Amino acid sequence: MTRLILATRNAGKITELHAILADAGLDLELVGADAYPEIPDVKETGVTFAENALLKAHALARATGLPAVADDSGLCVDVLNGAPGIFSARWAGTHGDDKANLNLLLAQLADIDDAHRGAHFACAAALALPDGTERVVEGRLPGTLRHAPTGTNGFGYDPILQPEGYEVTCAELTPAQKNAISHRGKAFRALVPVVRELLARTPQAS
Ligand code: ITT
């Protein structure tokens with residue numbers, strides 16, 4: 044069976060991609076980057092989600108000799124010209140401090156009224172093969188930003204993003220409900236035909 048590496052240590056992402064690949068009938072063994080602890084995390088030096096996803100996928104494919112998938116994602120706020128964007132995970136200074144990031148963003152938008160609080164989550168998902176072949180696809184979840192956090196599910200900016208057509212925030216959706224409409228779900232699903240095509244063309248060792 045072909046082994047596909049997902050460039051993340053986030054178990055939630057592995058489960059999500061696993062479910063999407065299984066639904067699509069792809070017979071793959073999906074493993075996280077944790078299976079290769081000797082390979083260091085790559086620096087995200089790109090200036091777009093796509094560049095960062097490709098950087099991570101290529102680094103892992105080169106290091107393991109196996110096909111690799113990576114994603115990069117964030118929140119893009121209209122009135123901030125797309126920020127925090129690629130800086131979403133460290134908007135308040137410390138990587139992964141979700142609470143500080145969310146509170147800083149709310150403070151920055153305090154005077155902005157509902158008509159101008161449009162935003163979207165964006166995700167780029169990349170596939171790289173050891174021979175350097177690459178593909179990248181993107182997904183978005185549009186919505187508006189609340190003035191205060193609501194809900195306890197999810198992570199990051201979920202408690203303040205109300206998806207278009209919903210009366211609740213992402214943090215009030217179940218994981219399955221969120222995956223069905225999310226930027227990451229869309230990007231991963233868009234990657235399925237790409238994985239199918241490239242792996243059929245270039246059989247990999249398992
Ligand atoms: P990796 O280890 O896989 O790189 P990460 O935690 O750095 O994961 P991402 O690159 O997926 O996270 O996302 C960057 C930030 O964007 C993340 O820390 C959140 O602040 C925000 N974000 C991305 N997707 C989100 C989502 O579905 N819900 C809420 N916030 C999200």
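Under my numbering, the first residue of the sequence shown carries the number 44, and numbering increases by one thereafter.
Using N, Cα and C, we set each Cβ at its ideal position, and we do this for glycine too.
Remember, predicted model here, so these are calculated numbers, not experimental data.
### Query
For the ligand ITT, is there a heavy atom less than 6 angstroms away from the beta-carbon of arginine 89?
To locate residue 89, count along the sequence shown from 1; it is residue 46. Looking at the sequence provided, one finds glycine at residue 89 rather than arginine. No, the beta carbon of glycine 89 sits no closer than 6 angstroms to any heavy atom of the ligand ITT.
### Query
By Cβ distance, which residues of its chain are closer than 6 angstroms to glycine 199, with the 5 residues on each side in sequence left out?
As a working mapping, residue 199 is identified with position 156 in the sequence shown. Excluding sequence neighbours, glycine 199 sits near Asp141.
### Query
What is the residue span of the beta strand (DSSP E) that phenylalanine 164 lies within?
Translated into positions along the sequence shown, residue 164 becomes position 121. First-last of the beta strand (DSSP E) with phenylalanine 164: 161-171.
### Query
Is it a yes or a no for the stretch 166-173 touching the stretch 86-101, going by three-plus beta-carbon pairs under 8 angstroms?
The stretch 166-173 makes contact with the stretch 86-101, as at least three CB pairs between them are under 8 angstroms.
### Query
Which ranges would you report for the beta strand (DSSP E) in the stretch 95-175 if only whole runs of at least 3 residues count?
Listed in chain order, the complete beta strand (DSSP E) runs (minimum 3 residues) inside the stretch 95-175 are 111-120, 161-171.
### Query
Taking one C-beta from the stretch 206-219 and one from the stretch 172-190 each time, how about it: are there three or more such pairs within less than 8 angstroms?
Judged by Cβ distances under 8 angstroms, the stretch 206-219 makes contact with the stretch 172-190, as three or more pairs qualify.
### Message
Please report the straight-line C-alpha distance between serine 131 and leucine 118, rounded to a whole angstrom.
### Response
For the purposes of this step, residue 131 is taken as the residue at position 88 of the sequence shown. For the purposes of this step, residue 118 is taken as the residue at position 75 of the sequence shown. Answer to the nearest angstrom: the Cα atoms are 6 angstroms apart.
### Message
Could you check if alanine 132 belongs to the surroundings of the ligand ITT, using beta carbon to heavy atom distance under 6 angstroms?
### Response
Residue mapping note: residue 132 aligns to position 89 of the sequence shown, counting from 1. Indeed, a heavy atom of the ligand ITT lies less than 6 angstroms from the Cβ.
### Other residues of its chain near asparagine 222: CB distance less than 7 angstroms, five sequence neighbours each side excluded
Taking the sequence shown and counting its residues from 1, the one referred to as residue 222 is at position 179. Glu59, Gly228.
### Query
How about tyrosine 200: is its Cβ closer than 6 angstroms to a heavy atom in the ligand ITT?
Counted from its first residue, the sequence shown places residue 200 at position 157. True, at least one ligand heavy atom lies under 6 angstroms from that Cβ.
### Message
For leucine 188 and isoleucine 155, what's the separation of their Cα atoms in angstroms?
### Response
Translated into positions along the sequence shown, residue 188 becomes position 145. Translated into positions along the sequence shown, residue 155 becomes position 112. It is roughly 10 angstroms from the alpha-carbon of leucine 188 to the alpha-carbon of isoleucine 155.
### Message
According to DSSP, glycine 182 sits in a beta bridge with which residue or residues?
### Response
One-based indexing of the sequence shown puts residue 182 at position 139. BP columns for glycine 182 point to Cys166.
### Query
How many Å lie between isoleucine 57 and leucine 73 at the Cα?
The residue you call residue 57 lines up with position 14 of the sequence shown. The residue you call residue 73 lines up with position 30 of the sequence shown. Each residue's alpha carbon lies about 8 angstroms from the other.
### Simplified DSSP state of arginine 46, which is helix, strand or coil
By 1-based counting over the sequence shown, the position of residue 46 is 3. It is a strand residue.
### Message
At a cut-off of 6 angstroms, would you count aspartate 174 as near the ligand ITT, judging by its Cβ distance to the nearest heavy atom?
### Response
Here residue 174 refers to the residue found at position 131 when the sequence shown is read from its first residue. For the ligand ITT, not one heavy atom lies less than 6 angstroms from the Cβ of aspartate 174.
### Closer than 6 angstroms: threonine 51 CB and nearest the ligand ITT heavy atom
Counting from 1 along the sequence shown, the entry for residue 51 is found at position 8. True, at least one ligand heavy atom lies under 6 angstroms from that Cβ.
### Message
Just checking aspartate 77 against the ligand ITT - is the residue's beta carbon closer than 6 angstroms to any of the ligand's heavy atoms?
### Response
Indexing the sequence shown from 1 puts residue 77 at position 34. No, the ligand ITT has no heavy atom inside 6 angstroms of this Cβ.
### Task
Consult DSSP for proline 206 and reduce its assignment to one of helix, strand or coil.
As a working mapping, residue 206 is identified with position 163 in the sequence shown. Of the three classes helix, strand and coil, the one that applies to proline 206 here is strand, per DSSP.
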